[in-house]
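Residue numbers (our numbering): 177 to 423. The beta-carbon is built from N, C-alpha and C at its ideal position, and this holds for glycine as well. Read the structure below first, then the notes.
Shown next, in the form of structure tokens:
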């Protein structure tokens, strides 16, 4: 196991990473398998990943391991995932006071990275059909961020969920917040992010419910063309009609 404690990016937060590099047979691609253990006074996480994608994590509240690869990957199991994660977190919590005391004596300046935020719906939007809106926050350090939602400028929390922190190869982090909603014309939703690097100026992204209605232009033109054609046959006069439709 490799313990990576950066002398530049530090806070009262222990992160233990296990990295295994695997080269493909063609030696053209490099892959990373990752075990991630993190704990602080108020947070604790454990997950395993591959090439920055999560394979599984530990749900400490339900005391179980959760495999999170998509169904098309086929059935994949990790016997003992919860037990392994729980043991690693216990070790992290046990060592936390020691590292906290050591860090305080170093007096090092923490490097801060500000988050980048985007907001988008999970599925195609249909009025009156429940959907999920996603707030993706990425590229931030340290891994402590606050995310809140509003609907039409009113704070909302019902239907909201928050993922675990996910490390990136550049030592920054990702996190997702989702909100279940039922689209209605004219509604708008905002995701607001607070982080140390933003220096008290929250970052807000807004998304409007905008459902495009099917265009009736081509159908109307076709109907008019057919009517004119029938009238032309009736009076014995032939017309050549060229219709140019510009999007």
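Cβ-Cβ distance between residue i and residue j below 9 Å
i: residue 366; j: residue 295; result: yes
i: residue 234; j: residue 209; result: no
i: residue 378; j: residue 349; result: no
i: residue 215; j: residue 272; result: yes
i: residue 342; j: residue 225; result: yes
i: residue 176; j: residue 344; result: The chain is shown only over 177 to 423; residue 176 falls outside these bounds and no answer can be derived.
i: residue 222; j: residue 265; result: yes
Spatially closest choice to residue i from the options, by CA coordinates
i: residue 287; options: 229, 371, 353; result: 371
i: residue 322; options: 301, 352, 272, 267; result: 352
i: residue 292; options: 252, 373, 253; result: 373
i: residue 340; options: 331, 314, 276; result: 314
i: residue 382; options: 317, 375, 376, 312; result: 312
i: residue 289; options: 251, 347, 255, 330; result: 347
i: residue 260; options: 252, 236, 280, 279; result: 236
i: residue 254; options: 217, 211, 375; result: 211
Contacts around residue i, its chain only, beta-carbon distance under 6 Å, and the 5 residues preceding and following it disregarded
i: residue 308; result: 298, 354, 356
i: residue 368; result: 324, 378, 380
i: residue 146; result: A query on residue 146 cannot be resolved here, the shown segment of the chain reaching from 177 to 423 and no further.
i: residue 332; result: 325
i: residue 171; result: Any property of residue 171 remains undetermined from this structure, which presents the chain solely from 177 to 423.
i: residue 213; result: 192, 222, 264, 268
For residue i, three-class secondary structure by DSSP
i: residue 278; result: helix
i: residue 361; result: coil
i: residue 262; result: helix
i: residue 343; result: strand
i: residue 241; result: strand
i: residue 335; result: coil
i: residue 297; result: strand
i: residue 304; result: coil
i: residue 384; result: strand
i: residue 236; result: coil
i: residue 225; result: strand
i: residue 230; result: strand
i: residue 290; result: coil
i: residue 267; result: helix
Contacts around residue i, its chain only, beta-carbon distance under 8 Å, and the 5 residues preceding and following it disregarded
i: residue 335; result: 355, 356, 357
i: residue 244; result: 230, 231, 232, 233
i: residue 361; result: 303, 385, 387
i: residue 305; result: 358, 359
Residues near residue i in its chain [Cβ-Cβ closer than 7 Å; skip 5 each side]
i: residue 363; result: 327, 328, 385
i: residue 258; result: 234, 239, 240, 241
i: residue 301; result: 307, 359, 385, 387
i: residue 316; result: 289, 290, 291, 348, 349, 371, 373
i: residue 425; result: Nothing in the structure corresponds to residue 425, since the chain is present only between 177 and 423.
i: residue 256; result: none
i: residue 375; result: none
Residue i CB to nearest heavy atom of the ligand MN below 8 Å
i: residue 369; result: Ligands are entirely absent from the displayed structure, and the ligand MN is therefore not among its contents.
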